Structures are given as C-alpha cells and as structure tokens.
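Each step along the sequence shown adds one to the number in the UniProt record's numbering, with nothing skipped, and position 305 is 305. Think of the CB as a built atom: it goes at the ideal place given N, C-alpha and C, for glycine as much as any other residue. Quick caveat: nothing in here was measured; it's all calculated off a predicted structure.
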Amino acid sequence: MKKLLLPIGQRDYETTQGRIGNLVKLLSKTFRVELITNSKEVCDDLNQKLGPDHPMIVTFVEPKFLPLTFDYRDNLAKIFVQYTHDLCLPKTDLEIWKTAAFDDFWGHISTCAFPEIQTVDADVVMFPLMSHDDAPWEETDIFYTTLLFMAKEAGIKVVGYQLYPVFNGVKLMPQLMDAIIVRKEFERDFHITMGIAPEKIHLLTEEKDIYSLSTIEDTYKNHIYNSQIEISRDELGVVVCNHGKLRPQIIEIFKALEESKIPVVLFLLKRDFVIRELQENEIIKDLFFDPIRKIGCRFYLVEQPSLVPIAMTSDVVIAPTYVVPLEFAARYGINAWVYNRCYDPLPDVNGVSFKNRLEDLTASLKKVYEEKRKKVGVVDILNRCVRTFHEVEK
C-alpha cells in the first residue's frame with residue numbers, strides 16, 4: 001500500500017469547515033495516510049473526529065522562531081544577489097535584486113522554521129494550492145514550502161489540489177506540481193493557459209470529493225457523508241417514492257430494476273397514507289415485497305423525515321407522478337424521473353424527466369450506472385498518478 005502525506009494548515013482546514021477530513025477518511029481505505037499540520041487545533045479536531053481506532057496518523061509539528069541579526073540579514077541579501085544577479089523583470093533590463101534586495105528585503109526574510117521536519121517519507125505528497133487573496137499565515141507558508149522543497153529534493157511526487165479561486169493562485173506553485181486536481185473545467189482551462197501541460201491536470205467528477213474541497217458549505221450536501229448506509233461505486237442507489245393509488249406503476253419500476261441486472265441499493269419512501277382499514281406498511285408487504293425480492297438488492301423502507309439524507313447519497317429518485325422529492329433531487333443534480341405509462345411524452349420540467357415506456361426506464365438505469373462507474377474521484381486520480389510516476393521511473 002502506497003503512503004500518502006497530506007500537509008494542511010489551519011486556514012485551509014477551516015476554509016472547508018473540516019470537510020477535508022471526510023476526504024482523508026476515504027483516502028485511508030486505499031493509501032497509508034499521514035496528515036501533518038502546524039496547527040494544534042487542527043490536530044485535536046481531526047483526532048476527535050477520526051476516533052482512537054482509525055488507522056490514519058495525524059502529526060503536529062510546532063514552528064520555531066530563530067533570532068535575526070543585521071549581519072545575518074546582510075549575508076542573506078548577498079546570497080540573494082548572487083543567485084538572482086542575471087534575472088530581470090519581464091520585458092525590461094531591470095534586475096530583480098535591485099528591487100528586492102535593497103528595497104524591502106526584510107519582507108523576504110522569515111525567522112520561522114520547522115526543525116522537526118528532517119525528511120519526507122511518502123510516495124506522494126498532496127498540497128493545497130496557495131492563493132494570494134486567501135494567503136496562509138507566514139508559519140503555514142514556511143510549513144508548506146519546507147515540505148515541498150524536501151519532497152522535490154527527494155524525488156517524491158507532489159500533487160496539488162485547487163481549493164481557492166483559481167484566478168488568484170500563487171503562480172509558481174502549480175508549476176512545481178507533478179499533477180494538479182481541479183473541480184471545474186474552467187479551472188483546468190486556466191492552468192493550461194498559464195502553461196501547465198494538459199496531461200498533468202485532472203478533473204474531479206465525483207460529487208462527494210468535489211464538496212470535500214469546496215469552500216462553500218451546504219447543509220443538505222453534508223448528508224452525502226452518510227456512513228450508516230454506504231453505497232459503493234459499483235452499486236446504484238435508487239429511491240422509489242410510494243403512492244397511494246399508482247401501485248401498478250410502482251411494481252413496474254421494480255420490474256425495470258430487476259431487468260436492468262444492476263447491483264442496486266433500493267429505498268422505498270413511505271408516504272404515510274391509509275386505504276380504508278389498510279395501513280401503508282401492510283400494502284407494501286402484500287404487494288411489493290415479492291417484486292423487490294426478485295431484484296436481489298439491499299432494501300430499506302424509509303420514513304419521510306429521512307428523505308434528505310437518503311436522497312443525497314442516492315443516484316436516482318423515481319416516482320409514478322410529479323412529487324416534491326423529485327424537485328429536491330433535481331436541484332442537487334440527482335437523476336429525477338417520473339415513470340407512468342399512462343402519461344403522454346412530456347418535456348423535462350425543472351430538471352425532472354418523464355418516461356412512459358418500461359424499456360426506456362430500464363435503459364436509463366443502465367446508462368446512469370455506467371456513468372457512475374466512470375466518475376473520477378481523488379482516489380482514482382492518485383492511483384493513476386502513482387502508476388504513471390512508477391512507469392516513468394522505470
């Protein structure tokens with residue numbers, strides 16, 4: 001199992017409201033993960049969230065501040081001039097050292113250091129790409145720079161991920177990366193424009209990972225980390241909304257799931273109705289259990305208050321008529337379908353699709369399943385990068 005090192009500073013951790021910790025949990029299933037931070041608060045928060053039995057290592061390194069004398073400053077200035085004497089500002093003959101070494105050289109010196117960091121022991125190191133407008137504190141800047149320098153010196157591959165708006169990123173850092181992870185197509189285009197080779201840029205399409213690296217919180221999306229019922233990449237999560245009258249259509253939906261031959265995790269959403277003396281549970285048991293058994297799937301009967309956490313972890317929501325859960329699903333990019341063979345063909349409404357042929361429903365289920373299996377997450381990108389790096393070294 002390859003080892004992954006994840007440096008994270010306090011501002012970057014808090015920018016995601018700690019959601020990056022959920023990504024770390026996922027990565028630890030595939031890699032030996034060590035998270036290293038220069039923040040005691042981040043270290044304590046992660047250890048509390050992960051619990052004592054989690055295999056991941058969380059390391060806290062404390063910065064040390066060194067004394068700085070005028071003689072030492074002058075010597076550093078001389079060294080700076082020696083290394084940059086032949087570098088000019090673009091499209092001018094003005095040497096960089098003339099603007100930096102004597103104008104504001106104090107601003108280029110940091111007394112912060114991390115003597116605990118002597119080596120980097122990992123196969124891959126994954127850094128957040130720093131930003132000018134959301135710049136880290138000096139200690140975090142030095143923390144990232146120290147680890148990046150040591151990793152490059154040791155020939156360890158480094159991967160950067162886009163956390164802040166791409167337009168205000170530090171220009172040098174992406175150039176040092178062996179691979180870059182982005183969340184949007186325009187971020188990929190921006191890096192290409194800035195001279196990054198297209199093959200180094202990898203686009204995330206897995207929503208859970210995209211949200212883990214998002215700086216904007218959505219309370220509904222927080223439910224995608226539902227760990228009570230996990231749905232794998234090789235399973236299709238399907239929510240079927242029950243109906244008090246359209247029971248034949250519900251049975252046909254189950255028939256389509258059976259004929260699709262797809263590994264399914266099925267949720268039947270109750271609607272709390274009563275028909276004469278019969279309760280909804282009795283109707284479900286008498287009419288639906290046999291068709292559900294034929295699907296051969298994991299099955300859960302869901303109460304209405306659990307709709308949001310269940311829908312947010314699912315791939316498809318289906319109902320025999322247009323109901324509110326479909327609008328909710330469509331709003332969050334979840335496939336939302338009305339299936340009813342009694343309806344005439346209708347155009348999509350608010351992202352909700354209408355289907356009136358059983359074979360169309362079956363085909364749509366297969367298509368969504370294939371699309372899900374092709375989604376790209378951080379684990380997929382890192383695995384691809386590790387293989388590529390290994391082949392290059394050979």
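The beta carbon of ASP133 sits closer than 8 Å to those of TYR164, PRO165, ASN168, all from its chain and outside the five residues before and after it, given in chain order. Here ASP315 is buried, its C-beta having at least 16 other C-beta atoms within 10 Å. Look at the segment 47-105 and you find these whole runs of alpha helix (DSSP H), each 4 residues long or longer: 70-84, 96-100.
Sequence-distant partners of LEU87 (beyond 5 residues in either direction) whose C-beta falls short of 6 Å from its own C-beta, in its chain, are ILE96. Between the alpha carbons of ASP344 and PHE254 lies a gap of roughly 21 Å.
Ranked by Cα distance from ARG387, the options LEU26, TYR13, ALA179, TYR83 are led by ALA179. Taken atom to atom, the span from the alpha-carbon of VAL33 to that of ILE8 is near 13 Å.
In the three-state reduction of the DSSP assignment, VAL378 falls in the helix class.
The beta strand (DSSP E) runs lying completely inside the segment 110-153 and spanning 3 residues or more are 124-128, given in chain order. Exposure of ALA197 is indicated by the presence of fewer than 16 other C-beta atoms within 10 angstroms of its C-beta. When the Cα atoms are used, TYR13 and ILE20 turn out to be separated by approximately 7 Å. When the alpha-carbon of ARG373 is set against those of ILE229, TYR332, PRO263, the nearest one is in PRO263.
The residues VAL379, in chain order, have a CB closer than 6 Å to that of THR30 in the same chain once the five nearest residues on each side in sequence are set aside. The residue among PHE299, HIS223, LEU257 with its C-alpha nearest the C-alpha of VAL368 is LEU257. DSSP places LYS294 within a helical segment (H, G or I) once states are collapsed to three.
Here ALA330 has ALA336, ASN350, GLY351, VAL352 as same chain residues with Cβ atoms under 7 Å from its own Cβ, once five neighbours each way along the sequence are excluded.
Here ALA179 carries a strand assignment [DSSP, helix/strand/coil].
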